[in-house]
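For the sequence shown, our numbering begins at 3 and goes up steadily by one. The beta-carbon is built from N, C-alpha and C at its ideal position, and this holds for glycine as well. Bear in mind the structure is a predicted one, so any value in this text is a computation, not a measurement.
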Amino acid sequence: MRTMLRTCVLMVACVSATCAVAQQPRPPGNDPFSQGKFEEAEQSFRAALEKNPGDARALAGLARAALFDDKVDEAINLADKALAISPGDPVATRTRMIALERKAAFGPDTFNFTLDRPVAIKFDQIDPLPVVSVTIGTRQAKFLLDTGGPNVTVTRALAEELGLPLTDGPMGTFAGGRQARTQRTLIPEFALGSLKISNVPAGVLELGGMPVDGIIGSGLLMHFLSTIDYCNGELILAPRADSATFQQQASATGANVGRMWLMGDHFILTRARFNDAPEGIFMVDTGFAGGGLLGTREALEEAGIEIDASKVVTGIGGGGAVQGIPFVASATWGNLTRDNITGRYNLGGGQFGIFPFRMNGMLSHQFFRTSRLTFDFETMRMVTQECI
Numbered sequence: 003m004r005t006m007l008r009t010c011v012l013m014v015a016c017v018s019a020t021c022a023v024a025q026q027p028r029p030p031g032n033d034p035f036s037q038g039k040f041e042e043a044e045q046s047f048r049a050a051l052e053k054n055p056g057d058a059r060a061l062a063g064l065a066r067a068a069l070f071d072d073k074v075d076e077a078i079n080l081a082d083k084a085l086a087i088s089p090g091d092p093v094a095t096r097t098r099m100i101a102l103e104r105k106a107a108f109g110p111d112t113f114n115f116t117l118d119r120p121v122a123i124k125f126d127q128i129d130p131l132p133v134v135s136v137t138i139g140t141r142q143a144k145f146l147l148d149t150g151g152p153n154v155t156v157t158r159a160l161a162e163e164l165g166l167p168l169t170d171g172p173m174g175t176f177a178g179g180r181q182a183r184t185q186r187t188l189i190p191e192f193a194l195g196s197l198k199i200s201n202v203p204a205g206v207l208e209l210g211g212m213p214v215d216g217i218i219g220s221g222l223l224m225h226f227l228s229t230i231d232y233c234n235g236e237l238i239l240a241p242r243a244d245s246a247t248f249q250q251q252a253s254a255t256g257a258n259v260g261r262m263w264l265m266g267d268h269f270i271l272t273r274a275r276f277n278d279a280p281e282g283i284f285m286v287d288t289g290f291a292g293g294g295l296l297g298t299r300e301a302l303e304e305a306g307i308e309i310d311a312s313k314v315v316t317g318i319g320g321g322g323a324v325q326g327i328p329f330v331a332s333a334t335w336g337n338l339t340r341d342n343i344t345g346r347y348n349l350g351g352g353q354f355g356i357f358p359f360r361m362n363g364m365l366s367h368q369f370f371r372t373s374r375l376t377f378d379f380e381t382m383r384m385v386t387q388e389c390i
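Dropping the structure here:
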C-alpha cells in the first residue's frame, strides 16, 4: 500500500451540485473578497448595510460570510432578504442553495448516530496517508482519511460488491483541475469502531488504482469534534457538544488555535503563508501522500520559491494522472512553522481555479504529521497540538 499511495497527489473533490458556487472565475479587481480577505469583506458589507438597509449586494455578501462561518440558518435568512430585493442575485442564490444542502446533511434522514463520549479509531497505517478500518454491513474495508474529500467515497468495486444502489452524479473536479464523472449511493450502515452511522450519503468513484476501498472526507468529519491524531495514530470523533470544554483545554495548554472557514459542502479554508510572504487563503486537505504543500504560481512567486520546469513528475488524483513540479519551502499557520516541507505546483494551475477568490495553496499531510489536528465546527476553529 505504501508504494502505490506515494504516487497519489491528493483527492480534492468538488462533486456536489452546489459546487457551482466554487466554479466561478475569481472576479477582477482588488475587492476584499476576491483577494481572500474574508473578515475585511464582511466588515465592508456591514458598513454598506448600515448606510442602506436595502442593499441587496451587501445582504448577499453577509449571507455568504455567514455560510463560510457555518451559520446556516443565518445564511438562509440573509440570502432570502437579498433575493426579496434582487430576485436572481447570483451570490444570494448560490449561498442559499449550499446552505440548504448543509442543513439537509444534519437532517433526520442522513448521518444518524448516537454518541455521548469520544470514540478513538486506530490507524492501520499513518504514512504515506492515514488509513482506518471501517465496517459496512459485514464487510470490513480500508478507508483513507482525506479532508479534501466530501462525505464518504467508495470505489465502484465495493459498491457493486455490497449491492449498493447507484445514481448518476455531477462531474467532479480533482487534483490538477482534472474532471471525472461521479456516481452517488447511500450506505445503510457505516461503522467506525464502536460508532455506527446509518444512512450515509456517499460518492462512487474510481480511485486511480489506490489499494483502498474508499475515503472518509470532511463531510462526515463535520458531524463531530474531529481530531486526526498523528501522534497516537488514531482518529478521534467526539460529540460537537464537547466544543466548549475542548477549547478551554486548548487555551490552557497553549495549543495553536486558528480560524477556519467552510466553503461549499466541504472545503476547509484557513489563513497561512509560505516562507516570509504575506498570509493568504489555504485549503486544508490532508490527502497529499508524500507531501505537505501545494501552491499557486502567484503565491510561490510572492514567497520567492522557484519551480524548475525540467523536473516534472506525475501523480494520481481523483480525475486521473496529474503533472506537477516539486518544490521545498517552509510554511506557517498560526504559531506553527514547518521548514523544508515537500510541495508541488500542479501544471495547468491545478484545482484552485474553481474558487472565486485568490487561493495561495494547500496545507496537507507532511505539514501536520507531528501534530494532533482538530476541527471544531462549532466554533469554526482549527487546533494543532504538538506531539511530545
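Per the Cβ contact rule, the region 268 to 276 is in contact with the region 323 to 342 (3 or more Cβ pairs under 8 Å). Annotation for Glu76: the continuous alpha helix (DSSP H) segment containing it runs Val74 to Ile87. Across the structure, Met212 and Val154 are spaced so that their CA atoms are roughly 16 Å apart.
In this structure, Ser245 and Leu227 form a Cβ contact; the two beta carbons are roughly 6 Å apart against a cut-off of 8 Å. Arg340 and Thr372 have their C-alpha atoms roughly 10 Å apart. Val93: member of the alpha helix (DSSP H) spanning Pro92 to Ala107, first to last residue. In this structure the region 140 to 154 touches the region 277 to 290; the number of beta carbon pairs closer than 8 Å is three or more.
The three-state reading of DSSP puts Leu375 in strand, counting E and B together. Around Ala62, the same chain offers Ala84, Asp91, Val93 and Ala94 as residues with beta carbons nearer than 6 Å, after the five sequence neighbours per side are excluded. For Gly297, the enclosing beta strand (DSSP E) starts and ends at Leu295 to Gly297. Straight across, the Cα-Cα distance linking Leu375 with Glu163 is about 34 Å. Glu281 has its alpha-carbon roughly 25 Å from the corresponding atom of Thr229.
Phe329 and Met361 have their C-alpha atoms some 18 Å from each other.
Gly63 carries a helical assignment under DSSP once its states are collapsed to helix, strand and coil. Straight across, the Cα-Cα distance linking Gly345 with Val121 is about 33 Å. Looking from the CA of Pro130, the closest CA among Ala159, Gly235 and Glu388 belongs to Gly235. In this structure, Thr187 lies near Ala161, with their beta-carbon atoms less than 7 Å apart. If you keep only unbroken alpha helix (DSSP H) runs of at least 4 residues inside the region 193 to 271, you get 220 to 223 and 245 to 254. Rounded to whole angstroms, the gap between the alpha carbons of Thr112 and Thr157 is 20 Å. Of the residues Gly363, Gln387, Leu237 and Leu295, the one whose Cα lies closest to the Cα of Asn342 is Leu295.
Here the alpha carbons of Ala86 and Gln387 stand approximately 46 Å from one another. Glu308 and Ala279 have their C-alpha atoms some 14 Å from each other. C-alpha of Ile327 to C-alpha of Phe370: approximately 21 Å in a straight line. Taken through DSSP and simplified to helix, strand or coil, Leu365 comes out as strand.
Under the criterion of beta carbons closer than 8 Å, Gly293 and Ser220 do not qualify as touching, at roughly 19 Å. In the DSSP assignment, Leu147 falls within the unbroken beta strand (DSSP E) covering Arg141 to Leu147. Shown here for Val74: same chain residues with a beta carbon closer than 6 Å to its own, the five before and five after excluded, namely Ala101, Arg104 and Lys105 in chain order. For Leu160, the enclosing alpha helix (DSSP H) has its first and last residue at Arg158 to Leu164. Annotated three-state conformation of Glu281 is coil, per DSSP.
According to the DSSP secondary-structure assignment, Asn342 is paired through a beta bridge with no residue.
In the DSSP secondary-structure assignment, Asn32 is not bridged to any residue. When beta bridges are read from the DSSP output, Val314 appears opposite no residue. With contacts defined by Cβ atoms closer than 7 Å, Ser88 and Ala68 do not form a contacting pair.
For Leu188, the pairing in a beta bridge is given by DSSP as Pro203. When DSSP states are grouped into helix, strand and coil, Glu388 belongs to the strand group.
In the structure shown, the three-state DSSP call for Lys39 is coil.
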